[in-house]
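Sequential numbering from 6 applies to the sequence shown in this note's numbering. All C-beta atoms in this analysis are idealised placements derived from N, C-alpha and C, irrespective of residue type, glycine included.
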Amino acid sequence: MKKNLFVLLTFIFLSINFVFAQDKSYEVRLSGNAYVTSHPMGAIITPNGLEKWTDSRSVIQTYIYFSQPQTIKLSIKGSTEGHSTFLVSFQNKKVKVEVHDNFMEIPVGKFKIKKPGYYPVTLQGLRKTGNEFGRIVSFIVQTNDEHLVYVHDFSDYFARRGPSVHLNYNMPNDTIEWFYNEVTV
6 MKKNLFVLLT FIFLSINFVF AQDKSYEVRL SGNAYVTSHP MGAIITPNGL
56 EKWTDSRSVI QTYIYFSQPQ TIKLSIKGST EGHSTFLVSF QNKKVKVEVH
106 DNFMEIPVGK FKIKKPGYYP VTLQGLRKTG NEFGRIVSFI VQTNDEHLVY
156 VHDFSDYFAR RGPSVHLNYN MPNDTIEWFY NEVTV
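#1: Mapping DSSP to helix, strand and coil, what is L112?
#2: So, with DSSP's three-state summary, where would you put S36?
#3: Report all residues from its chain with a CB closer than 8 Å to the CB of Y124; omit the five preceding and five following residues, and keep chain order.
#4: Please state the DSSP three-state secondary structure of P45.
#5: Spatial neighbours of N107 within its chain, please: C-beta separation below 6 Å, excluding the five flanking residues on both sides.
#6: Can you name, in chain order, every residue of its own chain whose Cβ lies under 6 Å from the Cβ of K57, other than the five neighbours on each side?
#7: Give the C-beta separation of V33 and S63 to the nearest angstrom, bearing in mind that I take them to be a contact with Cβ-Cβ under 8 Å.
#8: DSSP three-state label for F163, please.
#9: State the start and end residues of the unbroken beta strand (DSSP E) segment that holds L153.
#10: If you follow the beta strand (DSSP E) that V64 is in, where does it begin and where does it stop?
#11: For a test of the three-state rule: what should DSSP assign to P125, helix, strand or coil?
#12: From K99 to T189, what does the alpha carbon distance come to, in whole angstroms?
#13: Out of M46, V146, T59 and D150, which has the shortest C-alpha to C-alpha gap to T90?
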């Protein structure tokens, strides 16, 4: 009886750990997380993601913060007219991704995160048959990291423009020769 109870409790414990350890999918939109870092005239980031991507020299980087060592699965989501080949670089690994008419989500691969920090996912076009390489909406990250940091729940406008700074002080009525301020950030 004790042996059966032990086996049953062990099975339940392992089942619960399996359920809680499963990866979640996070959609990291390019609209708030990506920047065209090379040849900006050949691609543009809009509220819809990466658009008007015509130049193979344009390099697009999307930044994501991972809070722990882990292995992730990465996919790319978007659409294209015709056939295109992209180069996705992440963690010193380069993967060629071939996409065809009207793709939705294409797996890129598994990648190992060795330590916490911000990591760029780099995207560059290699070949295309249409006018554009494609319109990329987001990267899909599958991970068990519940503390992934990226822009998701608020306006891309506030994420892209940086923090606001409002300094204010009362002006004295005297004649002023010079001012002095110190700011600690």
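Short version:
#1: Residue 112 is actually Pro in this sequence, not Leu. The answer is strand: DSSP assigns P112 an E or B state.
#2: helix
#3: Y68, I69, Y70, F71, F95, Q96 and I118
#4: helix
#5: S84
#6: I49
#7: Contact doesn't hold; Cβ gap of about 19 Å is too wide.
#8: helix
#9: No beta strand (DSSP E) contains L153, which DSSP labels as neither H nor E.
#10: V64 to F71
#11: strand
#12: 41 Å
#13: T59
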